[in-house]
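K.L.:
Residue numbers (the numbering used here): 356 to 543.
1. Look at the alpha carbon of residue 415 and the alpha carbon of residue 474, and state the distance between them as a whole number of angstroms.
2. Helix, strand or coil: which one does DSSP assign to residue 432?
3. In the structure shown, what three-state DSSP assignment does residue 357 receive?
4. For residue 482, count neighbouring C-beta atoms within 10 Å of its own C-beta (all shown protein chains included) and say buried if the count is 16 or more, exposed if not.
5. Cα separation between residue 382 and residue 461?
6. Assign residue 385 to one of two classes, buried (16 or more other C-beta atoms within 10 Å of its C-beta) or exposed (fewer than that).
7. Below 8 angstroms CB to CB, which residues in the same chain sit around residue 420 once its five sequence neighbours on both sides are set aside?
8. Thinking just about the alpha-carbon of each residue, which of 472, 504, 391, 522 is nearest to the one in residue 448?
9. Would residue 380 be called buried (16 or more neighbouring beta carbons within 10 Å of its own) or exposed?
10. When burial is assigned at 16 or more other CB atoms within 10 Å of the CB, is residue 417 buried or exposed?
11. Taking the alpha carbon of residue 422 as the point to measure from, which residue in 410, 435, 411 has its own alpha carbon closest?
12. Let me know the secondary structure DSSP gives residue 418 once reduced to three states.
13. Out of curiosity, what's the CA-to-CA distance linking residue 480 and residue 427?
14. Which whole-angstrom value describes the C-beta separation of residue 486 and residue 526, a residue pair presumed to lie in contact below a C-beta threshold of 8 angstroms?
15. Residue 528 by DSSP, collapsed to three states: which one?
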């Protein structure tokens, strides 16, 4: 039986229609009672008589019935599948080709690898990230700490330890300006 919680609406073209989450029993009933010659409007009327929705807003739109039937014709099931339903995974030889390519050419780009391996850029990227669990390395510029800086830090820590309780409440920390020891150009 359709409930108020299962009803969701979304915009289709210029008007709104109800997008109903059917139960498995309802989906099976829709598939078994669909006849091409009668069409989806008749199927909708029969559905209303069979399941008796609570209010008018709970009556599914004709498009909801066509989606269920078309999904069954395409996939052969009424089950909801995960996001990658219908997608095929890459063969093991393609995965090993991607791994060998990036182990021998670690500085290669995804585009160059996709051309050399005759694969799409997105397939190479997904193989690296999801299957092979490779991580992107992005070098960042950091400040060089010299021995004098380390001594200054130790002295500051010693001063902090000598302070009375509650001294940290008098300090205002701000992130408005960065002070660098060895400034370099603004690179993003």
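Glycine included, C-beta positions come from ideal geometry on N, C-alpha and C.
Because the structure is a prediction, the values reported are computed rather than measured.
P.N.:
This is what the structure gives:
1. 42 angstroms
2. coil
3. Confidence in residue 357 is poor, its pLDDT being 43 and thus under 50, which makes the residue's placement unreliable; the coordinate value appears in the next sentence. Of the three classes helix, strand and coil, the one that applies to residue 357 here is coil, per DSSP.
4. buried
5. 50 angstroms
6. buried
7. 385, 389, 395, 398, 399, 402
8. 472
9. exposed
10. exposed
11. 435
12. helix
13. 32 angstroms
14. Not really, about 49 angstroms apart at Cβ, beyond 8 angstroms.
15. coil
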